[in-house]
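Residue numbers (this note's numbering), protein chains in the order written: chain A, 1 to 290; chain B, 1001 to 1290. Note sheet for the following structure.
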């Protein structure tokens, strides 16, 4: 075993241990605790996975290069949690901390759907929308480690209120939880079940959702021009039945679609483990920040 | 003299010759001709600037790495103009062609307002809005050379119609020409003159415009997390009187503003010459694409 990675989600934490071929050789799951207990839980999970190896951790929200969670609306509003410094002190091991979608991007780029591309975008659809950016053959974190908050791209003036406190953020229209809003309060599972059973009003909701996903992906493509966009996250399986509709609307929403090469739209191949595997990959030389 | 750069705009072409210190030693201007004559004019301007040196050209629109203008709504709808290949054949000199905002970004990053930053964003406000992206210490063109079309980020569902054929693009609300739309048909100069003379309705238009600029810059910061954003382009002088309002609205529109370092918002220091100087810089080894 050469590396341990833990993906901290809003409700659960998934940890994996990788051997020197990159294969997952152990896995543990725990419910996500409240912020004060988070560092203790991560230390215990590291031990349960064998310990004695460098640790990478992925978390939602704004993470500084030193591994401090500055703000995380989807992690019960955690603020200024020194995950990296705390774990380094407790474990005496190398510890790398990064944004969860950045971790997923790393894994899909190294061994998944974006393998071999110089410019790729990872889009995680779940409670919110996260993003990871590869440009020029490198994982990009921006100047302060905060790049990739693509869910907070504004897509409608004075639009729906977001957990971040602003209005009209893309994730209020295109995330998994947006289905509840777009359907007037029904759960995403319910909307999809009745859509698949042939219900027309549910089909209209799903179609609007697909349109919002497509529109946002087109804006991001106009900005970043990736070779491939990888859709992942907890809700990505729901996209399956409307993937062709997303592809078609995406192509039409691009700037000057008839004069450009379009990015490939792919679904993540590492599934729910992408974030944890990517977190473990942060421990490779030259990938993770101190 | 070591390099020649020409910036092709919607109405005029500006050419400069740089000496080996990077200083501008000659300058020529010509009206922008129709597409079939463009390559001839560029060859003549190269000669008028002394010739006998590598040439860089910046153009608006989608430019392939080989230097073909695939589409350019702001260049009289030019399509598939082989500017790079044509000039290489005519001049027998090295020729580099890139997007005009990418050229401006290069110049401001190397010797202007973004000097020394690893992550920077150039935003050119004019008839439309162009963008140039520096991430991870490199100029980024995306996978097909089309990165930076930030003016076509969608900011309002079903919004104003854009020259690109879609609706709700940012440049319809925040470019120089957007002032005409926001004011119900008055020219930008007129709106600004009466705003500065104290007219309240003009002040409201200018304030709305400042808000749209700020909102778009905040979305781009959420995505790219630059250290500095440089505002340039033909309309940037108009931003001057409302720059503080843009700064203030930008700060509030950012994701989690109280927990992050904000990018600096600067105005371009190279003025109208940024594009031409950056075009000349494309000729430096390792900067321009073949």
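Beta carbons: idealized from backbone N, C-alpha and C, even for Gly. Predicted, not measured: the structure shown is a model, and the values here were computed from it.
Item, Value
"Between residue 88 of chain A and chain B, is the shortest Cβ-Cβ distance under 9 Å, so that the two count as touching?", "no"
"Using the Cα positions of residue 1254 of chain B and residue 154 of chain A, report the straight-line distance between them to the nearest angstrom.", "10 Å"
"Could you give the C-beta distance for residue 1108 of chain B and residue 1230 of chain B, rounded to a whole number, given that I count them as a contact under 8 Å?", "5 Å"
"I'd like to check one pair, residue 47 of chain A with residue 276 of chain A: are the Cβ atoms closer than 9 Å?", "no"
"For residue 1033 of chain B, which of B:1025, B:1018, B:1014, B:1264 has the nearest alpha-carbon?", "B:1014"
"Using 10 angstroms around the beta-carbon of residue 11 of chain A, count the other beta-carbons present and answer buried if the total reaches 16, otherwise exposed.", "exposed"
"Quick one: does residue 225 of chain A have its CB under 9 Å from some CB of chain B?", "yes"
"Please classify residue 149 of chain A: does DSSP put it in a helix, a strand, or coil?", "coil"
"Roughly how many angstroms lie between the CA atoms of residue 1094 of chain B and residue 1039 of chain B, to the nearest whole one?", "15 Å"
"With DSSP collapsed to three states, give me the class of residue 283 of chain A.", "coil"
"Could you run through the segment 1055-1069 of chain B and flag, in chain order, every residue whose CB is less than 7 Å away from some CB of chain A?", "1062"
"Tell me which residues share the same chain as residue 981 of chain B and place their Cβ nearer than 7 Å to its Cβ, disregarding the 5 neighbours each side in the sequence.", "What the structure shows of chain B is the stretch from 1001 to 1290, and residue 981 of chain B is not part of that stretch, so it cannot be assessed."
"Consult DSSP for residue 78 of chain A and reduce its assignment to one of helix, strand or coil.", "strand"
"Check whether the segment 117-125 of chain A touches the segment 1132-1148 of chain B, counting contact only when three or more Cβ pairs, one atom from each stretch, lie closer than 8 Å.", "yes"
"So the candidates are A:178, A:97, A:96, A:166; which of them puts its Cα closest to the Cα of residue 125 of chain A?", "A:178"
"Of the residues B:1241, B:1236, B:1223, which one's Cα is nearest the Cα of residue 130 of chain A?", "B:1223"
"Rank A:215, A:56, A:152, A:86 by C-alpha distance to the C-alpha of residue 1218 of chain B and give the top, closest one.", "A:152"
"Between which two residues does the alpha helix (DSSP H) containing residue 1072 of chain B stretch?", "From DSSP, residue 1072 of chain B is part of no alpha helix (DSSP H) but of the beta strand (DSSP E) over 1069-1072."
"Verify whether the separation of the beta carbon atoms of residue 97 of chain A and residue 67 of chain A is less than 9 Å.", "yes"
"What are the residues in the segment 1155-1175 of chain B lying within 7 Å of chain A by C-beta distance?", "1155, 1156, 1157, 1164, 1166"
"How big is the Cα-Cα spacing for residue 194 of chain A and residue 236 of chain A?", "18 Å"
"Going by DSSP, what residues sit across from residue 96 of chain A in a beta bridge?", "A:56"
"Looking at residue 1114 of chain B and residue 1228 of chain B, is the spacing between their C-beta atoms short of 9 Å?", "yes"
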